[in-house]
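**Q** Here the protein sequences line up with chains A and B, keeping their order. So the first sequence is residues 0 to 416, counted in numbering that gives the first Met the number 0. So the second sequence is residues 0 to 416, counted in numbering that gives the first Met the number 0. We put the CB at the ideal spot given by N, CA and C, even for glycine.
Protein chains: 2
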Amino acid sequence: MSEKVKIGLLGCGTVGSGLVKILANHPLVEITKIAVRNEQRAQEIATNLAIEQSLFTWDINDVINDPEISIVVEVMGGVEQTKQHLLDAIAAGKDIVTANKDLLALEGSELFAAANKAGRRIMYEAAVAGGIPIISTLEQSLAANKIICLQGILNGTTNYILDLMKKEGKAFDEVLKAAQDLGFAEADPTNDIDGHDAAYKVAILASIISGKQVDVNQIYREGITKISKVDINSAHKRGYEIKLLGMIFNDEDEIDARVHPVFVPQDNPLASVAMENNAILVKADAADTLTLIGKGAGSLPTASSVAGDVLMLARGNSIAPVTSESFAKIKAMDEVENSFYIRISMHDKLGVLRDLGEAMLKHKANVKFIDQYDVHGSEAHADFLIDPIKEKELKAIIKDIEAMDSIKAVESVIRVL
Amino acid sequence: MSEKVKIGLLGCGTVGSGLVKILANHPLVEITKIAVRNEQRAQEIATNLAIEQSLFTWDINDVINDPEISIVVEVMGGVEQTKQHLLDAIAAGKDIVTANKDLLALEGSELFAAANKAGRRIMYEAAVAGGIPIISTLEQSLAANKIICLQGILNGTTNYILDLMKKEGKAFDEVLKAAQDLGFAEADPTNDIDGHDAAYKVAILASIISGKQVDVNQIYREGITKISKVDINSAHKRGYEIKLLGMIFNDEDEIDARVHPVFVPQDNPLASVAMENNAILVKADAADTLTLIGKGAGSLPTASSVAGDVLMLARGNSIAPVTSESFAKIKAMDEVENSFYIRISMHDKLGVLRDLGEAMLKHKANVKFIDQYDVHGSEAHADFLIDPIKEKELKAIIKDIEAMDSIKAVESVIRVL
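#1: Distance cutoff 8 Å, beta carbons only. Does S411 (chain A) sit that close to anything in chain B?
#2: To which residues does DSSP link T288 (chain A) through a beta bridge?
#3: How would you write the range of the alpha helix (DSSP H) that Q80 (chain A) sits in, first residue to last?
#4: Between the C-alpha atoms of T224 (chain A) and N216 (chain A), what's the straight-line distance to the nearest angstrom?
#5: CB-CB under 8 Å to S227 (chain A), same chain, minus the five flanking residues each way: which ones, in chain order?
#6: Leaving out the 5 sequence neighbours to the left and right, which residues in its chain are closer than 8 Å to A112 (chain A) when beta-carbon positions are compared?
#7: Less than 8 Å between the CB atoms is what I'm expecting for I68 (chain B) and K20 (chain B), so what's the real figure, rounded?
#8: What residues in the stretch 288-307 of chain B bring their beta carbon closer than 8 Å to a beta carbon of chain A?
#9: Under the rule that 16 or more other beta-carbon atoms within 10 Å means buried, what is E334 (chain B), buried or exposed?
#10: In this structure, how does DSSP classify A270 (chain A) when only helix, strand and coil are distinguished?
#11: Where does the unbroken beta strand (DSSP E) through Y340 (chain A) begin, and where does it stop?
#12: In chain order, what are the residue ranges of uninterrupted alpha helix (DSSP H) at least 4 long that sit wholly in the stretch 204-279 of chain B?
#13: Under the three-state reduction of DSSP, which class applies to Q111 (chain B): helix, strand or coil?
#14: Quick one: what's got a C-beta closer than 8 Å to N64 (chain B)'s C-beta in the same chain, skipping five residues either side?
#15: Using 8 Å as the limit for Cβ to Cβ distance, is T136 (chain B) near chain A?
#16: When you compare the CB of G155 (chain B) with every CB in chain A, is at least one pair closer than 8 Å?
#17: Three or more beta-carbon pairs under 8 Å between the stretch 78-94 of chain A and the stretch 179-190 of chain A, yes or no?
#18: Which word fits S108 (chain A), buried or exposed, when buried means at least 16 other C-beta atoms lie within 10 angstroms of its C-beta?
#19: Hey, quick one: how far does the beta strand (DSSP E) through P387 (chain A) stretch, first residue to last?
#20: Would you mind sorting L352 (chain B) into buried or exposed? The rule is 16 or more other CB atoms within 10 Å of its CB.
#21: Taking 8 Å as the threshold (C-beta atoms), are I247 (chain B) and V174 (chain B) in contact?
#22: Could you give the distance in angstroms between the alpha-carbon of S16 (chain A) and the alpha-carbon of T301 (chain A)?
#23: Compare the Cα-Cα distances from N267 (chain B) to each of B:L103, B:D284, B:T288 and report the closest residue.
#24: Could you tell me whether the stretch 300-315 of chain B touches the stretch 68-77 of chain B, using the rule of 3 or more Cβ pairs below 8 Å?
#25: Nearest-angstrom Cα distance between I59 (chain B) and N249 (chain A)?
#26: Grouping DSSP H, G and I as helix and E and B as strand, with all else coil, what is G297 (chain B)?
#27: Going by alpha carbons, who is nearest to G428 (chain B) out of B:Q139, B:N99, B:N154?
#28: With E410 (chain B) as the anchor, note down where its beta strand (DSSP E) starts and where it stops.
#29: At least one CB of chain B closer than 8 Å to the CB of H195 (chain A): is that the case?
#30: Could you check which residue in B:N276, B:A283, B:G293 has the C-alpha nearest to that of L161 (chain B)?
#31: Mind checking if E275 (chain B) is an interface residue toward chain A, Cβ cutoff 8 Å exclusive?
#32: May I have the straight-line CA-CA distance separating L22 (chain A) from A143 (chain B), to the nearest angstrom?
#33: Return the Cβ separation of L103 (chain B) and I203 (chain B) in integer angstroms, given the expectation that the two are a contact with Cβ distance under 8 Å.
#34: May I have the straight-line CA-CA distance separating Q80 (chain B) from G129 (chain B), to the nearest angstrom?
#35: To the nearest angstrom, how far is the alpha carbon of A45 (chain B) from that of F383 (chain B)?
#36: Report yes or no: is there a C-beta of chain A within less than 8 Å of the C-beta of A21 (chain B)?
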């Protein structure tokens with residue numbers, strides 16, 4: 000038996016602890032050093048995981064400069080300082096495995112350039128959709144394909160909230176509170192519910208798909224805080240479910256990349272993805288449509304992907320990272336075309352339908368269906384769905400509608416897949 | 000730019016032609032020789048694909064012995080003779096990519112042993128579920144996991160037939176005929192509808208999961224020819240859909256591997272896989288549940304997986320094949336436990352229910368639901384579903400039921416997932 004490949008860990012929280020469990024007694028690799036914040040933390044973790052405390056250090060350089068360690072696994076989180084640690088590790092001849100999407104989306108360019116220059120490798124399957132092998136699918140299995148588009152449920156917290164709103168008929172705030180109590184949503188849920196987390200993942204995926212750097216700040220982002228019970232019911236009634244999707248449409252020389260809630264047709268496999276699961280649908284020119292569904296987070300599922308990367312490296316395999324230093328051109332959101340669901344509340348007046356019709360005609364928007372119904376007393380509501388138009392046209396329509404005397408408010412505007 | 004990696008093709012039918020299209024002008028690899036049956040066939044293909052006829056040969060040894068070729072792609076089909084060609088290619092120092100499930104299931108053991116000995120690699124993503132990256136998922140992404148079970152729609156033809164029987168309410172024979180006319184089923188459909196094709200794929204997957212050789216002849220196999228419209232409607236009404244699944248349950252020291260129709264609960268993602276699509280659900284100890292859905296056959300999807308393997312090899316990567324020469328112990332079907340759906344027709348007599356109840360009690364079978372209904376005149380039907388019992392117990396129950404005076408026939412016995 001040849002000697003085991005030695006692994007150093009930076010951080011040992013949820014994912015790191017999962018990795019320690021998964022790789023315990025592995026025949027090929029061995030975790031020989033774990034850097035954590037301080038001695039007290041080391042004691043806690045050593046006790047929890049029932050491993051020797053001598054494995055721990057609170058000096059990251061002990062891991063980075065250990066000549067026996069060949070793979071450094073970064074599961075500590077953070078961006079600026081963590082980047083510097085990984086640059087040091089690359090300079091010290093280590094290959095890197097990371098689950099840090101923020102770091103990759105914001106500083107991946109510099110890290111990959113350093114790794115390429117040093118002949119080292121960075122693997123990051125766990126950074127996007129936890130236990131789902133989307134990175135290896137794109138970089139290996141679909142390597143000979145042109146990716147036409149990708150649509151993904153990339154954030155488990157928001158999928159959990161939307162699914163429970165549908166199933167239990169509860170309001171957003173109420174479900175968020177329950178999700179926080181159950182540990183499915185964080186105390187400060189902004190990163191999830193506003194779509195930041197999904198946007199980081201879209202940036203990483205768009206970078207693989209385009210073969211270029213992608214600026215996460217150019218990715219249009221809209222969260223789920225405005226989605227109401229009424230929207231969810233309307234969608235369901237029409238044969239759709241509302242999902243927060245990360246989407247990438249790969250045009251010839253532009254990438255249309257964005258995160259926002261969408262009406263997903265019920266026969267799309269993404270529509271029925273329940274609870275905190277993640278899922279990704281890829282359309283490729285040769286492989287056609289491929290859908291992957293699984294756990295997007297959690298200690299063991301995420302650590303499973305980290306372990307897969309570690310074993311790939313330990314066996315001498317790797318995936319070529321993005322080498323281009325140029326940035327992908329992201330399509331301006333105003334130019335993106337979508338079909339829209341619009342819900343308005345209106346005063347009970349004559350001529351409302353005529354006015355609405357004129358606004359649509361003026362902007363050449365084709366109405367696919369309209370459903371007008373009374374809610375209470377003198378207030379009427381109307382739902383309608385319009386065929387694809389550019390975002391800038393949609394904005395103009397909404398402005399016109401809002402200016403009508405007969406209209407009380409535009410209650411919802413949601414894009415349709 | 001370094002020189003391209005040179006590829007030789009054995010065969011150029013559906014998959015081979017797809018590969019030629021996908022790899023045309025690829026920056027990394029280049030198909031430099033293609034062996035086909037004879038000169039006439041070469042002319043036809045060269046014209047169809049608009050490639051030079053000088054690429055073709057009708058002597059397989061021209062490909063195998065070409066010192067410039069480093070990867071031989073086998074898409075010619077066949078078992079015995081093809082095995083010998085691949086052994087020759089391995090001996091000549093080539094890595095192999097194959098899409099040939101029959102060959103791998105029947106002769107994989109000998110091929111992998113030869114490849115290991117020679118330090119060559121055999122990759123075969125396309126052999127199971129065409130465009131779906133199930134092999135790399137099992138061997139790489141889930142490398143650190145223990146696979147608990149795998150359930151797969153591994154044959155597109157049978158899924159197409161079952162889906163159309165459900166959607167159009169037609170009988171098996173009628174849908175099979177339509178499928179043949181559309182090219183979704185072959186003129187001799189035995190290989191698909193009797194489950195042979197799925198069993199080969201189960202053998203390959205069980206071999207990866209167990210790390211041992213698997214004898215395809217030990218895999219229990221039942222096709223879809225006996226599935227009726229009534230069965231499909233009954234299943235749907237109860238919250239299930241009938242699918243032909245390949246299943247592998249990974250026990251401690253035995254593998255429960257089989258192919259047969261199953262009632263799949265509608266909330267299982269496999270239940271809604273439509274048309275000729277394939278899908279695989281894997282439960283693993285760390286990654287939890289992962290489902291992959293995509294095209295299981297077809298020129299470009301299958302060639303896409305072949306191309307993925309070719310590029311992996313060309314980049315110097317590979318997956319460790321099964322190295323154990325010992326055979327996995329396959330659980331005896333009599334000992335396998337399943338829940339069952341049973342449908343009987345009976346004469347309109349007193350005491351039938353009591354008799355049925357006694358038969359169940361005698362074999363300690365717990366009835367989950369029973370539904371008795373008249374079909375026409377003096378004939379009554381009953382559907383019932385029983386909790387998991389061993390196959391041998393089920394056989395005894397069926398024998399007892401068939402012996403009852405009041406029973407006309409046991410119309411259907413279908414396992415429930």
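**A** The structure says:
#1: The sequence position of residue 411 (chain A) within the first sequence is 412, counting from 1. For S411 (chain A), no Cβ of chain B is located within less than 8 Å of the residue's own Cβ.
#2: Against the first sequence, residue 288 (chain A) aligns to sequence position 289. The partner list for T288 (chain A) (beta bridge, DSSP) reads A:K282.
#3: Taking the first residue of the first sequence as 1, we reach residue 80 (chain A) at position 81. Element bounds for Q80 (chain A): 79-90.
#4: One-based indexing of the first sequence puts residue 224 (chain A) at position 225. One-based indexing of the first sequence puts residue 216 (chain A) at position 217. Approximately 20 Å between the Cα atoms of the pair.
#5: Position 228 of the first sequence, counted from the start, is the residue given in the question as residue 227 (chain A). Cβ-Cβ distances below 8 Å link S227 (chain A) to A170, F171, E410, S411 in the same chain, with the five nearest sequence neighbours on each side left out; the list follows chain order.
#6: Indexing the first sequence from 1 puts residue 112 (chain A) at position 113. So the qualifying residues of the chain are E324.
#7: As a first step, residue 68 (chain B) is located in the second sequence; it is residue number 69 there, counting from the start. As a first step, residue 20 (chain B) is located in the second sequence; it is residue number 21 there, counting from the start. 20 Å between Cβ atoms; not a contact.
#8: Result list: T288, L289, T290, L291, I292, G293, K294, G297, L299, P300, A302, S303, S304, A306, G307.
#9: Position 335 of the second sequence holds residue 334 (chain B). Exposed.
#10: Position 271 of the first sequence, counted from the start, is the residue given in the question as residue 270 (chain A). Helix.
#11: Here residue 340 (chain A) is taken as the residue at index 341 of the first sequence, counted from 1. For Y340 (chain A), the enclosing beta strand (DSSP E) starts and ends at 336-346.
#12: If only uninterrupted alpha helix (DSSP H) runs of at least 4 residues are considered, those enclosed by the stretch 204-279 of chain B are 228-236.
#13: Within the second sequence, the letter at position 112 stands for residue 111 (chain B). The question names Gln, yet the displayed sequence has Phe at residue 111 (chain B). If DSSP states are grouped into helix, strand and coil, F111 (chain B) belongs with the helices.
#14: The residue given as residue 64 (chain B) occupies position 65 in the second sequence. Taken in chain order, the residues that qualify are A91.
#15: The count along the second sequence starts at 1 and reaches residue 136 (chain B) at position 137. Judged by the 8 Å Cβ criterion, T136 (chain B) is in contact with chain A.
#16: Position 156 of the second sequence, counted from the start, is the residue given in the question as residue 155 (chain B). No, because no Cβ of chain A sits closer than 8 Å to the Cβ of G155 (chain B).
#17: Because the criterion of three Cβ pairs below 8 Å is not met, the stretch 78-94 of chain A and the stretch 179-190 of chain A do not touch.
#18: Locating residue 108 (chain A) in the first sequence gives position 109, counting from the first residue. S108 (chain A) is buried by the Cβ-count criterion.
#19: The count along the first sequence starts at 1 and reaches residue 387 (chain A) at position 388. Annotation for P387 (chain A): the continuous beta strand (DSSP E) segment containing it runs 378-389.
#20: As a position in the second sequence, residue 352 (chain B) is number 353, starting the count at 1. Around the beta-carbon of L352 (chain B), fewer than 16 other beta-carbon atoms lie within 10 Å, marking it exposed.
#21: Along the second sequence, one-based indexing puts residue 174 (chain B) at 175. Along the second sequence, one-based indexing puts residue 247 (chain B) at 248. No, the Cβ-Cβ distance between V174 (chain B) and I247 (chain B) is not below 8 Å.
#22: Mapped onto the first sequence, residue 16 (chain A) falls at position 17. Mapped onto the first sequence, residue 301 (chain A) falls at position 302. Using only the alpha carbons, I get a separation of about 11 Å.
#23: Start at 1 with the first residue of the second sequence, and residue 267 (chain B) comes out as number 268. Relative to the Cα of N267 (chain B), the nearest Cα in the group B:L103, B:D284, B:T288 belongs to B:T288.
#24: The stretch 300-315 of chain B, when compared against the stretch 68-77 of chain B, does touch it at the 8 Å Cβ threshold.
#25: In the second sequence, the residue the question calls residue 59 (chain B) occupies position 60. In the first sequence, the residue the question calls residue 249 (chain A) occupies position 250. CA-to-CA, the gap between I59 (chain B) and N249 (chain A) works out to about 40 Å.
#26: Locating residue 297 (chain B) in the second sequence gives position 298, where the first residue counts as 1. G297 (chain B): coil per DSSP, three-state reduction.
#27: One cannot answer for residue 428 (chain B) here, as it falls past the ends of chain B, which runs 0 to 416.
#28: By 1-based counting over the second sequence, the position of residue 410 (chain B) is 411. Note, E410 (chain B): beta strand (DSSP E), 406-415.
#29: As a first step, residue 195 (chain A) is located in the first sequence; it is residue number 196 there, counting from the start. False, the Cβ-Cβ gap to chain B never drops below 8 Å.
#30: Residue numbering aside, residue 161 (chain B) sits at position 162 when the second sequence is read from its first letter. Out of B:N276, B:A283, B:G293, B:N276 has the C-alpha closest to the C-alpha of L161 (chain B).
#31: Here residue 275 (chain B) is taken as the residue at index 276 of the second sequence, counted from 1. Not an interface residue.
#32: For the purposes of this step, residue 22 (chain A) is identified with residue 23 of the first sequence, where counting begins at 1. For the purposes of this step, residue 143 (chain B) is identified with residue 144 of the second sequence, where counting begins at 1. When only Cα atoms are considered, L22 (chain A) and A143 (chain B) end up about 7 Å apart.
#33: Locating residue 103 (chain B) in the second sequence gives position 104, counting from the first residue. Locating residue 203 (chain B) in the second sequence gives position 204, counting from the first residue. With a Cβ gap of about 5 Å, L103 (chain B) and I203 (chain B) count as contacting.
#34: Working through the second sequence from its first residue, we reach residue 80 (chain B) at position 81. Working through the second sequence from its first residue, we reach residue 129 (chain B) at position 130. Here the alpha carbon of Q80 (chain B) sits roughly 23 Å from the alpha carbon of G129 (chain B).
#35: On the second sequence, position 46 is the one that residue 45 (chain B) refers to. On the second sequence, position 384 is the one that residue 383 (chain B) refers to. Distance between the alpha carbons of A45 (chain B) and F383 (chain B) is about 58 Å.
#36: Position 22 of the second sequence, counting from 1, holds the residue named residue 21 (chain B). Checking the sequence shown, residue 21 (chain B) turns out to be Ile, not Ala. Yes, its Cβ sits closer than 8 Å to a Cβ of chain A.
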